[in-house]
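Chains as they are written, first to last, in the working numbering: chain F, 7 to 187; chain Y, -3 to 138.
C-beta: ideal position from N, C-alpha, C; glycine also.
Here's the structure we're looking at; comments come further down.
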Amino acid sequence: MTPQSLFIKALKHPDSRDEAFSRLVSEYKERLYWHIRKIVIDHDDANDVVQNTFIKVHINIENFKEKSSLYTWMYRIASNESLNFIKSKASKMGLKNQEWIESLADGLIADPHFDGDEAAIILQKQVAQLPEKQRIVFNMRYFDRMNYESISEILGTSIGALKSSYHHAVKKIKIRLNDEN
Amino acid sequence: MMKIKNRNPFKVPKGYFNSLEKSLLKKNQVNFNAGGFKIPKNYFNELEKEIFKKTIKISKLNNSKILKRALLTFSGIAASIIMFYIITNPYSVTPKSYAIQDKEVFEDFIENYYLEDFESYEIFSMLDENEIQATFVYSSKP
């Protein structure tokens, strides 16, 4: 049995679940938070989504079949939760998902939880204009430096499609940044 | 010669490639919050506490749900056993209840028989003075 299988077993067993879950939260809370934060942009929204993600992990751990690694599975839940959150928030505001994200990026300059310089704000605005999936791929590859294999497992997309998606995203951002200058 | 060319003479420690990615990430110190995003002070400790609070609540809720479900199942089974017993043995309960009912009807009949023809003054005439006094004088103390 691998260490991961043992850990998952501990997570599934009622006697050891709390302790194992505590370890899981302390190990992954930061990574998942930042992954979510880059998708939903706002800190309070990211806080809600990361909590929901861990609660979903806690509830569904018994149904986890170990077809992928625990880390991948949690990232997938976090990504889906983030996208669903954006969808519901945007529809409440009567906006399209893209419009909602762009409005958040436009408001970054006044956000107390953002201290990026002008270049960072411009980059975030450009990233916000990318289509949803392309934006997630860009964040995972550019900011989190994830390899394509991991991104492919998390998003359920082929490596080829991911490479092309990232390439297009970078190209679009470069063109827009040149146009701005 | 061909055989030698095709064989890779180098070896790596067991599990090397699994740990390679982790150690590289550590060396590179991936900055997950790159891009200018900030968080409140002590946020991750608070987040952990908040998550535990919520999961404990959910666990308690699930436990009580399981208990409720078990109680419902148990009472359902008990009710169906009783129903089954009554349906399959219709006379098992009735003789006793008949006997109780008979006894009650008989006692009522005797009481009514004695009281039927008596007026209240006749009843009083059968009582001595102390008994009458005790009937009319109400005392709160026993």
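Do the CB positions of residue 17 of chain F and residue 92 of chain F come within less than 8 Å of each other?
Sequence index remark: in the first sequence, residue 17 of chain F carries index 11 (1-based). Sequence index remark: in the first sequence, residue 92 of chain F carries index 86 (1-based). No, the pair does not count as a contact, with Cβ atoms beyond the cut-off.
Alpha carbon to alpha carbon, how far is residue 60 of chain F from residue 106 of chain F? Give it in angstroms, no decimals.
Translated into the one-based positions of the first sequence, residue 106 of chain F becomes position 100. Translated into the one-based positions of the first sequence, residue 60 of chain F becomes position 54. Roughly 25 Å separates the two Cα atoms.
Does the Cβ of residue 44 of chain F have 16 or more other Cβ atoms within 10 Å, making it buried, or fewer, making it exposed?
Position 38 of the first sequence holds residue 44 of chain F. It counts as buried.
Tell me whether residue 84 of chain Y is buried or exposed, calling it buried when 16 or more other Cβ atoms sit within 10 Å of its Cβ.
Position 88 of the second sequence, counted from the first residue, corresponds to residue 84 of chain Y. Result: exposed.
Candidates F:77, F:94, F:104 and F:88, of which the one nearest residue 136 of chain F by Cα:
What you label residue 136 of chain F is simply residue 130 of the first sequence in a count that begins at 1. Of F:77, F:94, F:104 and F:88, the residue nearest in Cα terms is F:104.
To be precise: take each residue of the segment 62 to 74 of chain F, compare its Cβ to all Cβ atoms of chain Y, and keep it if any distance is under 9 Å. Which residues remain?
Using a CB distance below 9 Å, the part of the segment 62 to 74 of chain F facing chain Y consists of 64 and 65, ordered along the chain.
If I measure Cβ to Cβ from residue 132 of chain F and keep anything under 7 Å in the same chain, skipping five residues before and after, which residues do I get?
Working through the first sequence from its first residue, we reach residue 132 of chain F at position 126. Sequence-distant partners of residue 132 of chain F (beyond 5 residues in either direction) whose C-beta falls short of 7 Å from its own C-beta, in its chain, are 179, 182 and 183.
Cα-Cα separation between residue 81 of chain F and residue 151 of chain F, rounded to whole angstroms
Looking up residue 81 of chain F in the first sequence gives position 75. Looking up residue 151 of chain F in the first sequence gives position 145. The straight-line gap from Cα to Cα measures roughly 14 Å.
Whose CA, out of F:169, F:121 and F:15, lies closest to the CA of residue 76 of chain F?
Walking along the first sequence from the start, residue 76 of chain F turns up at place 70. Residue 76 of chain F has its Cα closest to that of F:15, out of F:169, F:121 and F:15.
Measure the C-alpha to C-alpha separation of residue 71 of chain Y and residue 58 of chain Y and round it to an integer number of angstroms.
Numbered from 1 along the second sequence, position 75 holds the residue referred to as residue 71 of chain Y. Numbered from 1 along the second sequence, position 62 holds the residue referred to as residue 58 of chain Y. Those two C-alpha atoms are separated by around 20 Å.
Is there contact here, the segment 40 to 54 of chain F with the segment 32 to 43 of chain Y, by at least three beta-carbon pairs under 8 Å?
yes
Do we get a CB-CB distance below 8 Å when we pair residue 37 of chain Y with the residues of chain F?
Here residue 37 of chain Y is taken as the residue at index 41 of the second sequence, counted from 1. No, because no Cβ of chain F sits closer than 8 Å to the Cβ of residue 37 of chain Y.
Can you tell me the Cα-Cα spacing of residue 74 of chain F and residue 57 of chain F, whole angstroms?
Locating residue 74 of chain F in the first sequence gives position 68, counting from the first residue. Locating residue 57 of chain F in the first sequence gives position 51, counting from the first residue. Their Cα atoms are separated by approximately 22 Å.
Let's see if you can read the secondary structure: which residues bound the alpha helix (DSSP H) around residue 26 of chain F?
Your numbering for residue 26 of chain F matches position 20 in the first sequence. 23 to 46 is the extent of the alpha helix (DSSP H) around residue 26 of chain F.
From the DSSP output, which residues share a beta bridge with residue 91 of chain F?
One-based indexing of the first sequence puts residue 91 of chain F at position 85. Beta-bridge pairing links residue 91 of chain F to no other residue.
Quick one: residues in its chain with C-beta nearer than 8 Å to the C-beta of residue 162 of chain F, no 5 flanking neighbours on either side, listed in chain order?
The count along the first sequence starts at 1 and reaches residue 162 of chain F at position 156. For residue 162 of chain F, where only same-chain residues beyond five positions count, the Cβ hits under 8 Å are 82.
If you draw a straight line from the C-alpha of residue 143 of chain F to the C-alpha of residue 41 of chain Y, how long is it?
On the first sequence, position 137 is the one that residue 143 of chain F refers to. On the second sequence, position 45 is the one that residue 41 of chain Y refers to. Going by the C-alpha atoms only, they are around 29 Å apart.
I need the DSSP call for residue 186 of chain F, collapsed to helix, strand or coil.
Within the first sequence, numbered from 1, the residue matching residue 186 of chain F stands at position 180. Helix at residue 186 of chain F.
With 7 Å as the limit, tell me which residues of the segment 156 to 167 of chain F have their beta carbon closer than that to any beta carbon of chain Y; keep them in chain order.
none
Contact set between residue 50 of chain Y and chain F, taken where Cβ atoms lie within less than 7 Å
For the purposes of this step, residue 50 of chain Y is identified with residue 54 of the second sequence, where counting begins at 1. Correct list: 57 and 61.
Please check if any C-beta of chain F sits within less than 8 Å of the C-beta of residue 10 of chain Y.
Counted from its first residue, the second sequence places residue 10 of chain Y at position 14. Judged by the 8 Å Cβ criterion, residue 10 of chain Y is not in contact with chain F.
Hey, is residue 25 of chain Y's beta-carbon within less than 8 Å of any beta-carbon in chain F?
Taking the second sequence and counting its residues from 1, the one referred to as residue 25 of chain Y is at position 29. In this prediction, residue 25 of chain Y has a pLDDT of 49, which is less than 50 and means its spatial position is unreliable; what the coordinates show is noted afterwards. Taking Cβ atoms only, chain F never reaches closer than 8 Å to residue 25 of chain Y, which makes this a no.
Give the interface partners of residue 35 of chain F over in chain Y, defined as CB-CB distance under 9 Å, in chain order.
Looking up residue 35 of chain F in the first sequence gives position 29. What residue 35 of chain F touches in chain Y: 40, 43, 44 and 47.
Where does the unbroken alpha helix (DSSP H) through residue 135 of chain F begin, and where does it stop?
Taking the first sequence and counting its residues from 1, the one referred to as residue 135 of chain F is at position 129. Segment: none, residue 135 of chain F is in no alpha helix (DSSP H) and carries neither H nor E.
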